[in-house]
Amino acid sequence: MGNKNDKLEKSRLHDINNNLLNTDIYDTSWIEAFEKSFSFVWCDASIGTQNTVDDDKNTITQLARIINQNRQLVHTFNELDACREFITHVDNVCLIISGTMGEELVPLIHNLEQIHSIYIFCFNREKHLLWSSPYRKVRGVFNNINDICESLKSYVSTQSLLEYDRLQFDVISNEINSLTTNEDQLRLIYSKLNRIILFNMDSSDRGKQHMINYCRDQYKTENQIELINDFEQNYSKHSPIWWYTKNYFFQGIINRALRTHDLYALCSMHRYIKDLDLKVLQLNESKQTTTTTGSLNLYFGQFLLKSDFDEIKQNVGGLMCINQCVSANSELSIALMYIEQQQKLISNTNIIRVIFQIHIDRTKESIVSYANIGFVSQFVHEKEYLISMLSVYRINKIEKLLGVSSAWLIQITLIDKNDKQYNNLIQCINEYRLEKMNLTEIGYTIWNRLNLFKSTNKLFKQVLYNNPQELREIILHYNMGIIYDSLCQYEKSLNEYRKVLHIAREYIPSCYQKDDLCLVSLFSNMAAVFEQQNHFSDAFTHAFRALEIVLRIQDDSILKKELESSCYYNLGLIHDQEEKLSEAKNFYEQALRIRQEYLPLGHLDVTILQKLITSLTENRNTSF
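In my numbering, the protein residues as written are 3 to 626.
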């Protein structure tokens, strides 16, 4: 039986590897999510000339096969000024450029944060190697489009694997054991509050519809739409674990949101997250688990950045919080097979191969659920286990993995509910008296606030792509500001928002001297907090400051309309709260007018404003 299952698992891993390199596959959602963060640009003076039509078509076709099946992702230019202008308005540019044009353009744009990598495409390779060699972002000089495509293919597949398989975690030193809040402790508090709020949100049909709407808004390819339709029509016919293991699409949505602290995505998908956790809990408590005594050792293979590996290594004895769900197997051979298979795709010397060994004491009550899911899904190995999101472990030991070259074994223990350090770190949550609050409504208050400025994470990612640590900190503090606001912890909320502003001023160049577009939601949310405190002067100041930033934008994009309408909506709320009904109605109407320009008739965001305006009109008529 073991040999048969090993072969099945090897076949499954082989399929994953093929998915990374094959553009004509069923589910490319997680690769597409990675690619969407890049802008692929091809610049050559000969593009579009009569003599190069066939060559142009061949080049576009070859590039499209590598980076995406949608050709519009390859932006072409035959003029330097137009290309340079485009580059300054997008992010994470992968530039393919002719040698002659590159010699002029590369020195001008190389140090821009938007430039990720450059490929020189020319016939005189030796000549262009001379001038391009000092520029570290130049990946090479190529005289054949196939060679460029092979380089891109290797890079995209490797980066897609690392992005898809990346383990996001927080490490807390065993020396941190007091109530003095620091960044690590805040992440643990955030994870705990996140879990409490998500699992207390409404699981009715309203929650399901929010989930479907979010998926439709975010994922537009034909394959993704087909998966979403299937999910909507047949969700109740299968176990949440069945959906989780059937396809990487939904697994990727959840784990990517957990990795990146995308609270809007998590609140939108809370119905599925809650159902999945409940099913794991039921399996854990049922007779389907083999035993409830003794211990259990599970294994999973992982690639870590050297910096992440060093952080774990330096904190042996401390705590490690893994944000996403963890899939692990009771057979070490399966984990070994995984890192051996994937090693073929990894050429980055900054990547460390590790096996995590998870020790679980079955006699103690762990802080999260875990269960053998091999019984309920035909898509995984029979000894596969799933550990619920936001699990916390004690780091026990790190040693070289015997018999495997350049690989390490990291031994960790899933902590139980009596872990003293963990309880000390999160005991401040007791101050909020959550048991006396309507957590269902709090969850929707948070979701509504995030929905108002749903592009916030995207805007922060654009300006902090090269600073991943600062990006995580900004999003963490921003989310905590919203959570504290919803828990009526207004001073703590403002403190978190001020931390966001401090990080932005320090690390975002466009925020050094002025307010960047990414700060619109920050000032609007601060205005909302001041409004709750009845500090209307501060509320107006911050709300108008947010609006002024948006009005500086000259384009007519949907993003601008979304931000502008939300700013007017916030101003309406503030005036409404101060009982300035005429002014409130005016701002609501401006918000409605803009939303009707980019949202369909009957959209929830449009309906809410229409009801507010109707209510204000009726109140004014009644008062006369």
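For glycine and all other residues, C-beta sits at the position ideal for the given N, C-alpha and C.
Cut-off 8 Å between Cβ atoms - residues of its own chain near residue i, not counting five sequence neighbours on either side
i, result
"Y424", "L190, L321, I369, V394 and I417"
"R451", "I484, D487, S488, N527 and A530"
"I230", "I214, C217, R218 and Y221"
"I315", "Sequence check: residue 315 is Lys here, not Ile. Excluding residues within five positions, the ones whose Cβ falls inside 8 Å are I400."
"L473", "F462, K463, L466 and Y467"
"Y499", "H479, Y480, G483, L524, N527, M528 and V531"
"S241", "K281, V378 and S379"
"N176", "N317, G319, G320, L321 and Q423"
"I615", "K587, Y590, E591 and L594"
"Q612", "L594"
"L307", "N352, I353 and I354"
Where residue i falls, given that 16 or more other Cβ within 10 Å makes a residue buried
i, result
"A548", "buried"
"G209", "buried"
"N352", "exposed"
"C490", "exposed"
"R396", "buried"
"N286", "buried"
"I560", "exposed"
"K587", "buried"
"N72", "Note on N72: pLDDT 37, under 50, position unreliable in the model; the coordinate value appears next. It counts as exposed."
"S288", "exposed"
"N331", "buried"
"H544", "buried"
"K501", "buried"
"A84", "exposed"
"Y28", "Reliability fails at Y28, whose pLDDT of 32 lies under 50, so the model's placement of it is uncertain and no value is given."
"N257", "buried"
"Q235", "exposed"
"K248", "buried"
"H272", "buried"
"E566", "buried"
"Q74", "With a pLDDT of 40 at Q74, under the threshold of 50, the modelled position of that residue is not reliable, and the figure given next carries that caveat. Classification for Q74: exposed."
Bridge-paired residues (DSSP) for residue i
i, result
"S119", "C96"
"V608", "Paired residues: none, contrary to the question."
"L524", "In the DSSP output, where bridge partners are listed per residue, L524 has none listed."
"F455", "DSSP, once it has assigned bridges, lists no residue as partnering F455."
"A330", "Y387"
"K402", "W410"
"L307", "I353"
"L321", "I174 and R396"
Beta strand (DSSP E) segment containing residue i, residue limits
i, result
"Q359", "I353 to D363"
"A47", "Element bounds for A47: n/a, residue is neither H nor E."
"L416", "A409 to L416"
"R141", "V140 to F144"
"N374", "Y372 to N374"
"F79", "V76 to F79"
Residue i: first and last residue of the uninterrupted alpha helix (DSSP H) it sits in
i, result
"H504", "Y492 to Y509"
"C85", "L82 to I89"
"A548", "F538 to L553"
"H130", "R127 to S134"
"A259", "Y250 to R261"
"T102", "G101 to I111"
"H240", "Taken as a continuous stretch (DSSP letters only), H240 belongs to no alpha helix (DSSP H), as it is neither H nor E."
"V282", "H272 to E287"
"N589", "Correcting the residue type first, residue 589 is Phe in the shown sequence and not Asn. From DSSP, the alpha helix (DSSP H) with F589 extends over L583 to Y600."
"R208", "D207 to Q220"
Own chain, CB closer than 7 Å to residue i, minus 5 neighbours either side, in chain order
i, result
"A541", "A529, F532, E533 and I576"
"R168", "R261"
"C124", "S100, G101, H130, V143 and N145"
"T442", "N202, M203 and D204"
"G604", "none"
Own chain partners of residue i with C-beta closer than 6 Å, once the 5 adjacent residues on each side are dropped
i, result
"L107", "L82"
"Y571", "A593"
"D578", "A586"
"I324", "F171 and S393"
"G508", "The sequence given here has Glu at residue 508, not Gly. Around E508: no qualifying Cβ."
"C513", "A506 and R507"
"K419", "E367 and I369"
"I98", "W44, Y121 and F123"
Cβ of residue i within 8 Å of any chain B Cβ
i, result
"S371", "This model lacks chain B altogether, as it is built from one protein chain only."
Using 8 Å as the threshold, is the segment 261 to 276 in touch with the segment 464 to 481, meaning 3 or more CB pairs across them? Counting Cβ pairs under 8 Å, three or more are found: they touch.
Do the segment 295 to 304 and the segment 208 to 225 touch if we need at least three Cβ pairs shorter than 8 Å? Output reads no: the segment 208 to 225 does not touch the segment 295 to 304.
Pairing CB atoms from the segment 110 to 121 with CB atoms from the segment 132 to 142, are three or more of them under 8 Å? Taking a cut-off of 8 Å for Cβ pairs, the segment 110 to 121 and the segment 132 to 142 touch, as three or more such pairs fall below it.
Please confirm if the segment 381 to 391 is in contact with the segment 272 to 286, defined as three or more CB-CB distances below 8 Å between the two stretches. With the cut-off at 8 Å, the segment 381 to 391 and the segment 272 to 286 touch.
At least three beta-carbon pairs within less than 8 Å, the segment 426 to 436 to the segment 354 to 362: The segment 354 to 362 and the segment 426 to 436 do not touch, with fewer than three beta-carbon pairs separated by less than 8 Å.
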